[in-house]
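First up is the structure itself, then whatever we jot down about it.
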Amino acid sequence: MTMVCRHFGVCGGCAHQDMADAEYRMLKRKLVVDALSRHGVAATVSDVVEVPPGTRRRASLKAKKGDGGALLGFHAAQSHNIVDMLECLVLSPALSVLVPRLREMLTSLLRPRETTNLHLTETATGVDLSFRWSRQNDSVTLAELARWATKLGLARVSAHNETVIELVRPSVRFGRADVLVPLDAFLQPTCEGEAILQTFVRDALSGAKRVADLFAGCGTFTLPLAEASRVHAVEIEASMLDALAGAARTTSGLKPVTTEKRNLFHRPLGESELAQFDAVVLDPPRAGALAQVQMLARSKIKRVAYVSCDAGSFARDARVMIDGGLRLGNVVPIDQFLWSSHIELAASFERA
Numbered sequence: 003m004t005m006v007c008r009h010f011g012v013c014g015g016c017a018h019q020d021m022a023d024a025e026y027r028m029l030k031r032k033l034v035v036d037a038l039s040r041h042g043v044a045a046t047v048s049d050v051v052e053v054p055p056g057t058r059r060r061a062s063l064k065a066k067k068g069d070g071g072a073l074l075g076f077h078a079a080q081s082h083n084i085v086d087m088l089e090c091l092v093l094s095p096a097l098s099v100l101v102p103r104l105r106e107m108l109t110s111l112l113r114p115r116e117t118t119n120l121h122l123t124e125t126a127t128g129v130d131l132s133f134r135w136s137r138q139n140d141s142v143t144l145a146e147l148a149r150w151a152t153k154l155g156l157a158r159v160s161a162h163n164e165t166v167i168e169l170v171r172p173s174v175r176f177g178r179a180d181v182l183v184p185l186d187a188f189l190q191p192t193c194e195g196e197a198i199l200q201t202f203v204r205d206a207l208s209g210a211k212r213v214a215d216l217f218a219g220c221g222t223f224t225l226p227l228a229e230a231s232r233v234h235a236v237e238i239e240a241s242m243l244d245a246l247a248g249a250a251r252t253t254s255g256l257k258p259v260t261t262e263k264r265n266l267f268h269r270p271l272g273e274s275e276l277a278q279f280d281a282v283v284l285d286p287p288r289a290g291a292l293a294q295v296q297m298l299a300r301s302k303i304k305r306v307a308y309v310s311c312d313a314g315s316f317a318r319d320a321r322v323m324i325d326g327g328l329r330l331g332n333v334v335p336i337d338q339f340l341w342s343s344h345i346e347l348a349a350s351f352e353r354a
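Heads up: the sequence shown is residues 3 to 354, going by my numbering.
Below, the structure written as C-alpha cells:
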C-alpha cells in the first residue's frame, strides 16, 4: 500500500507515507497496545484493519487568497501555512476532482489575503460544502455561493451553519435506512470504515432485544441495529436526532426506535435507566465517556460495544468497566486516517 504523494514531507495531513507497509501497521497497532498498557489493561489486540487509499469522504480544508489566486489545501506540518493541494492520496475521487474547481471558485470569491475554512462531505446524493469565514452572509456573497454551487453541481452549500442553497438534500444510507444529513453532522470518515464498525457492533450485540445507542449521532449504529433490536438512541445534537428519527419513521421493517436529547457528559444514563437494556453501544468523541462508563460499571448491563476514536480515553474507560466486572474481548484497531498518527478502534465487553 505504500504510496508517496508529491506533497509528502511538507503537508501536515500525512506523516508516515514513506514507511514500509509492515512497519506502518506495527506502528498503528502499537498506538493501541501502548495506550492499554498505560492503564494496566490486558487485552488481545488484533491486526490493524485498513481502509483503502482514496476513500476519505470528509475533509476540512483551508484556503487563502494570494497574489496568484487562491491557495487551497491542508496546513503544512507544524505550521499555519497552506499547502496548495495538487493531489491527495486519501481523498475520495469525488472530492479530489472537486479541489481544482473549488480553487477557481475561491479565487473569484475571496478578497485579497482573506482566509476561509471549508468542510466537504461526499454523500450518496452529492457533495455537501460548508464554509467558515470572517465575513457576514451578505446578499452578494450568498448569491455568488449559490451560483457556484449550481455551476459545480454541489448538493448543498452552507455558510456559518446556515443553508445558502440546497439543490439536492444530502443523504447517506445506514443499513436499509436513508438518512437526510443535517448541517455539520458527524459521519465516519469513510464508508468502508463505517461498514467495518457497523458489522463489528452488530456481531457483538447479536441477539440483544433492547439496545441503548449512546452518542448516537445520525444513527450510524442505531438504524442497522434496529433491523433486529429495539433501540433507544441518545444524542445531544437535536438536528442529528431529528434526522435519525425521520429515517426510522420512513424505513419499513425496523423494530421500534426511540430518541432522547441528552448531554451524556453531564447526565449519563444511571443504573435504573440502564436496567431496561441488555446491551449498550458507545461511540463517544475523543474525550471518551468516563461519566457514562462509571454508570455502566455499576449497572448489570450484560454487553457493551465501544467504538473509539482515541486509544487513550478508551483505555481509561476500559479500565473502569473491567474494574466493574465487565470482561474485555478482542480490541480491533481500524485505520480510517491513513498515514497519520491517528487510529480508531472497536471493542466488546461482556459481564461474566
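Beta carbons are placed, not taken as given, at the ideal position from N, Cα and C, and that holds for glycine.
Pairwise C-alpha distance: residue j and residue i
{"i": "SER231", "j": "ALA349", "result": "20 Å"}
{"i": "VAL166", "j": "THR109", "result": "19 Å"}
{"i": "LEU271", "j": "ARG329", "result": "20 Å"}
{"i": "CYS7", "j": "SER342", "result": "13 Å"}
{"i": "ALA197", "j": "ALA126", "result": "15 Å"}
{"i": "GLU237", "j": "THR201", "result": "21 Å"}
{"i": "ALA161", "j": "ARG171", "result": "16 Å"}
{"i": "THR224", "j": "LEU276", "result": "17 Å"}
{"i": "ASP215", "j": "ASP23", "result": "35 Å"}
{"i": "GLU273", "j": "GLU164", "result": "39 Å"}
{"i": "LEU189", "j": "VAL174", "result": "9 Å"}
{"i": "ALA79", "j": "VAL101", "result": "20 Å"}
{"i": "ASN139", "j": "THR117", "result": "15 Å"}
{"i": "VAL142", "j": "MET107", "result": "14 Å"}
{"i": "SER254", "j": "PHE339", "result": "34 Å"}
DSSP-derived helix/strand/coil call for residue i
{"i": "GLY68", "result": "strand"}
{"i": "LEU156", "result": "coil"}
{"i": "ARG103", "result": "helix"}
{"i": "LEU216", "result": "strand"}
{"i": "THR228", "result": "Reading off the sequence, residue 228 comes out as Ala, not Thr. If DSSP states are grouped into helix, strand and coil, ALA228 belongs with coil."}
{"i": "THR192", "result": "strand"}
{"i": "THR252", "result": "helix"}
{"i": "LYS304", "result": "coil"}
{"i": "SER48", "result": "coil"}
{"i": "THR222", "result": "coil"}
Cross-strand partners of residue i (DSSP beta bridge)
{"i": "ASN119", "result": "LYS64, ARG134"}
{"i": "LEU340", "result": "BP columns for LEU340 are empty, so no partner."}
{"i": "CYS13", "result": "ALA78"}
{"i": "GLY42", "result": "Answer by DSSP bridge pairing: none, since GLY42 is not bridged."}
{"i": "LEU199", "result": "Partner(s): none; LEU199 has no beta bridge."}
{"i": "VAL173", "result": "Strictly speaking, residue 173 in this sequence is Ser, with Val absent from that position. Partner(s): LEU182."}
Buried versus exposed, by CB contacts within 10 Å (16 or more), residue i
{"i": "ALA291", "result": "buried"}
{"i": "VAL333", "result": "buried"}
{"i": "GLU346", "result": "buried"}
{"i": "GLY155", "result": "exposed"}
{"i": "ALA145", "result": "exposed"}
{"i": "HIS9", "result": "buried"}
{"i": "ALA240", "result": "exposed"}
{"i": "VAL99", "result": "exposed"}
{"i": "ARG60", "result": "buried"}
Close beta carbons around residue i, own chain, < 7 Å, minus the five adjacent residues each side
{"i": "LYS211", "result": "SER231, ARG232, ASP280"}
{"i": "LEU73", "result": "ALA65, LYS66, ILE84, ASP86"}
Residues near residue i by beta carbon distance below 6 Å, same chain, minus five either side
{"i": "GLU52", "result": "ASP337"}
{"i": "LEU227", "result": "VAL213, VAL233"}
{"i": "GLU168", "result": "ARG158"}
{"i": "ASP285", "result": "PHE217, VAL309"}
{"i": "VAL50", "result": "ARG27, LYS30, ARG31, PRO335, ASP337"}
{"i": "GLY71", "result": "THR109"}
Contacting residues, own chain, Cβ-Cβ under 8 Å from residue i (five flanking each side not counted)
{"i": "ASN119", "result": "SER62, LEU63, LYS64, ALA65, PHE133, ARG134, TRP135"}
{"i": "ALA151", "result": "LEU131, ARG158, VAL159, VAL166, ILE167, LEU169"}
{"i": "LEU112", "result": "ALA65, LYS66, LYS67, ALA72, THR118"}
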